[in-house]
Amino acid sequence: MNRIRNASTVLAAVLALASGAGHAQDAQDAVALGKKLTTNNCAVCHTFGKGEPNGQGPNLFGIFGRPLASEPGFKYSAGMKAAAPGKVWDDKLLDAWLTDTETVAPGNAMTYFEGDEARRRKIIAYLRTLH
Amino acid sequence: MTDENRPPAASRRNFIRAAGASAAAVTFGAVSLSAKAADQLKFDAEYDIVVCGGGGGGLPCALFSRWLGNSVAILEKAGSVGGTAAKAAFWYWVPNNEPMRRAGISDPKADYLRYVARLSRPEQYDPSLPKLGLSDWEYEMCEAIYDSASPAAELLANKGALPYRHEGAVPDYWAELPEDKAPRGRVLFPKDGLPSMSDGGRVAIRTMSAAARRDGIDIRTGYRVQKVLVDAAGAVIGVEALTEEGTVFRARAKKAVVFATGGFTHDPELRKNFLHGAVYGGCAAPTNEGDFVRISSALNVQLRNMNYSWMAPISLDKALAKDGSLSGIFTPTGDSMVYVNKYGRRVVNEKLAYNEVCATFSQWDGAKGEYPNLALISIWDQQAQDHCASDDYGSLIVPPGSNDRHVLRSNTLPELAGGIRERLAKYRSAVGGAELSDDFLHNLDASIKRFNGFAKTGTDGDFHRGERIVEKLFNGPIRKKADQKNETMYPISAKGPYYAALIVAGNLDTKGGPKTNSHGQVLDVRDAPIKGLYGVGNCVASASARAYWAGGGTLGPIIAFAYRAANAAHAEPTSHT
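In the order they appear, the protein sequences are chains A and B.
Okay, so the first sequence: first residue is 16 according to the numbering used here, each after it adds one.
Okay, so the second sequence: first residue is 6 according to the numbering used here, each after it adds one.
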């Protein structure tokens with residue numbers, strides 16, 4: 016394992032020298048890691064593409080700026096519907112939601128939580144690209 | 006460290022490392038360390054007890070461990086805790102449970118043991134023997150379930166981690182057997198679940214994970230444990246995990262490492278080599294890829310019951326599409342509905358409990374050299390579509406607007422057969438080229454006529470459909486007709502439209518793995534516990550063998566063993582740093 020890690024570190028250094036476009040590349044990497052995290056963390060229950068069917072949870076295409084509990088055809092829990100009025104998904108609400116859904120909509124059906132703020136930020140950054 | 010503190014180059018390096026590490030992600034096993042190496046090894050964190058897996062086994066085990074005063078971490082491979090249990094109905098089968106005792110329902114241990122022995126090892130069962138024909142190990146494991154499931158359930162409830170309600174009316178799956186002296190009353194269910202009892206998993210995972218966070222368990226998701234670290238004396242002292250970011254996280258376990266990482270349902274290689282017949286996956290969490298089978302292979306363990314799994318029929322279409330909504334078909338809904346094979350013949354009582362109906366798929370025709378029932382075809386009419394549709398328990402008949410990728414619809418039976426032929430052709434490499442026989446339609450007509458005759462009289466002369474208690478439990482919704490004599494059967498209409506879906510064998514999860522003793526300690530080839538290594542749930546061998554005793558026969562015993570493993574791990578001496 017160590018050998019492989021060292022090899023990748025060297026590879027990383029070589030690529031970093033070769034690319035010469037550090038920041039743009041980093042932004043792309045962040046989105047790529049955000050996509051990986053979002054897939055690993057959310058794809059068991061959610062879909063992300065336009066018009067894809069709802070799973071255990073609703074389709075997340077266009078989630079940013081959308082009112083809570085508003086995905087057509089998805090059967091939301093009573094807890095989610097009760098918490099929805101007046102709320103729209105934005106950075107702050109998504110962060111609170113992913114930290115502890117019960118603080119946003121008590122009695123909702125989502126079991127997921129992520130205690131790591133850096134990971135939450137990456138996931139939210141990726142969700143923002145879905146439109 | 007958050008990303009903000011990290012220079013951009015470092016985060017980039019981290020990302021590239023992730024790409025390299027994913028290629029190495031298949032490296033499972035054990036690392037044996039010399040005394041010197043063990044002393045020098047740097048750990049990222051240190052706990053009394055490290056639990057690998059945050060599902061129906063890991064969460065309760067971590068809670069029990071924490072409540073005994075230990076520092077505890079959960080390392081969960083998936084992005085979310087919950088595992089298979091989150092998708093399950095989460096009934097849990099608890100013999101002689103507290104509500105039964107309060108209500109005066111008798112559930113003597115000797116009779117419980119006869120019931121489980123009779124079903125787990127029917128080929129050896131002998132009630133005149135002291136251990137009923139079970140091996141010492143099987144008997145000890147079955148006793149442990151009776152002794153510990155109820156205390157475990159009570160402790161989880163009393164601590165607010167898993168409040169339950171008693172579902173006293175739910176029957177065992179073999180309620181008629183003379184050995185079953187407590188045929189109803191053993192099933193508990195998460196208190197706030199729906200009346201349909203289909204969503205218990207989400208409720209249980211929510212309440213247990215909330216309690217875990219409340220009580221200070223360090224939950225790390227996206228941490229894939231790949232290796233156990235073993236010291237010079239052969240004791241397990243920690244684990245190495247690969248994080249989602251591609252970094253390695255090394256955790257020291259001062260008392261014990263507990264594996265609760267699920268079975269091998271989603272590892273086609275292990276499935277093919279250990280399970281009987283073709284199994285197409287199942288509703289286990291997608292992360293159940295046999296990690297502990299691979300990790301423990303380096304440790305001289307004894308694999309047991311690798312040939313058995315908790316089985317349920319599944320939709321072929323959804324299994325092949327890796328559809329996240331895949332569920333076991335627990336309710337074979339529809340009264341005007343039959344299952345036929347590729348010859349158009351009924352071959353099984355469609356309403357058998359899910360685990361039992363699966364024996365039919367692997368039936369071998371030794372003359373033709375084929376599995377004639379590899380894929381069965383459920384066929385129903387408009388009446389069943391109108392009145393038997395359900396979104397619960399994996400029903401194949403679903404209401405309008407639900408995910409119906411598995412459903413074929415045609416106005417006539419010949420058209421329907423054409424659609425089935427096309428579907429099978431599309432999947433030919435997955436079903437060994439199975440296709441409908443030339444006389445399929447002719448036989449299907451005869452099968453439906455014969456079934457309709459049975460439905461009219463209410464008695465299924467071929468398969469006795471609807472005669473057992475459990476078959477009514479899982480019949481699903483119907484609209485009772487004035488002339489209906491058996492609620493599980495109604496004549497299939499002579500007029501279309503008709504509907505069909507392809508079904509194959511699947512798992513809730515597997516039940517084989519390293520053998521443990523009844524305290525969850527993983528045993529080596531001499532039957533001695535490997536110091537510091539525990540296992541609970543579907544990643545280790547279940548003594549239930551072929552049996553599915555009752556609804557919740559998975560999770561009740563798992564909670565019992567989580568409790569026993571936590572107590573034994575707690576009692577381990579703390580290794581010095």
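Glycine included, every Cβ here is placed at the ideal spot set by N, Cα and C.
- With respect to chain A, the C-beta atom of B/Ser-395 has no partner C-beta closer than 8 Å.
- Rounded to the nearest whole angstrom, the C-alpha separation of B/Ser-314 and B/Ser-332 is 15 Å.
- In the three-state reduction of the DSSP assignment, B/Thr-89 falls in the helix class.
- For B/Asp-396 and A/Ala-45, the gap between their C-alpha atoms comes out near 38 Å.
- When DSSP states are grouped into helix, strand and coil, B/Cys-544 belongs to the helix group.
- Under DSSP, A/Phe-79 takes part in no beta bridge, so it has no partner.
- B/Ser-498 and B/Asp-443 have their C-alpha atoms spaced approximately 23 Å apart.
- Burial state of B/Lys-520 is buried, judged by a 10 Å Cβ sphere holding 16 or more other Cβ atoms.
- Look at B/Tyr-120 here: in three-state DSSP terms it is helix.
- Counting the other Cβ atoms within 10 Å of the Cβ of B/Thr-338 gives 16 or more, which makes it buried.
- Chain order gives no chain B residues near A/Asn-74, where near means a beta carbon separation below 7 Å; the closest approach is about 12 Å.
- The secondary-structure analysis by DSSP pairs A/Arg-136 with nothing; it has no beta-bridge partner.
- In this model, B/Pro-132 and B/Ile-150 are separated by some 19 Å (Cα to Cα).
- For B/Pro-65, the closest Cβ of chain A is not nearer than 8 Å.
- Per DSSP, the unbroken alpha helix (DSSP H) holding B/Asn-163 starts and ends at 141 to 163.
- Neighbours of B/Val-56 across chain A, judged by C-beta separation under 9 Å, do not exist; the nearest C-beta is about 16 Å away.
- B/Tyr-568 carries a helical assignment under DSSP once its states are collapsed to helix, strand and coil.
- For B/Val-263, the pairing in a beta bridge is given by DSSP as B/Val-56 and B/Tyr-539.
- Segment contact: the region 76 to 83 of chain B against the region 55 to 63 of chain B, three or more CB-CB distances shorter than 8 Å; contact assigned.
- Against chain A, the beta carbon of B/Ile-224 has neighbours under 9 Å at Phe-128 and Gly-130, listed in chain order.
- If the five residues before and after B/Trp-142 are omitted, its C-beta is found closer than 6 Å to no C-beta atom of its own chain.
- At least one C-beta of chain B is nearer than 8 Å to the C-beta of A/Pro-68.
- Checking the DSSP bridge columns, you'll see B/Val-235 partnered with B/Ser-37 and B/Val-241.
- Within 10 angstroms of the beta-carbon of B/Pro-113 lie fewer than 16 other beta-carbons, which makes it exposed.
- Between B/Ala-422 and B/Ala-571, the alpha-carbon positions lie close to 55 Å from each other.
- When secondary structure is reduced to three states using DSSP, B/Ala-506 falls in the strand class.
- By the neighbour-count criterion, in which 16 or more other beta carbons inside 10 Å mark a residue as buried, B/Arg-107 falls on the exposed side.
- When DSSP states are grouped into helix, strand and coil, B/Asp-185 belongs to the coil group.
- Remark: C-beta atoms of B/Leu-321 and B/Ile-508 approach each other more closely than 8 Å.
- In this structure A/Met-125 does not touch A/Thr-118 by the C-beta definition: roughly 12 Å separates them, more than the 8 Å allowed.
- Below the 7 Å Cβ cutoff, chain A contributes no neighbours of B/Asn-512, its closest Cβ being approximately 17 Å away.
- Excluding sequence positions up to five before and after B/Asn-416, its CB lies within less than 7 Å of the CB of Gly-501 and Pro-502, all in the same chain and listed in chain order.
- Listed as beta-bridge partners of B/Asn-512 by DSSP are B/Gly-287 and B/Met-316.
- At least 8 Å separates the CB of B/Gly-518 from every CB of chain A.
- Straight-line spacing of the CA atoms in B/Gln-388 and B/Ser-341 works out to 7 Å.
- Counting along the chain, the unbroken beta strand (DSSP E) around B/Pro-195 starts and ends at 192 to 195.
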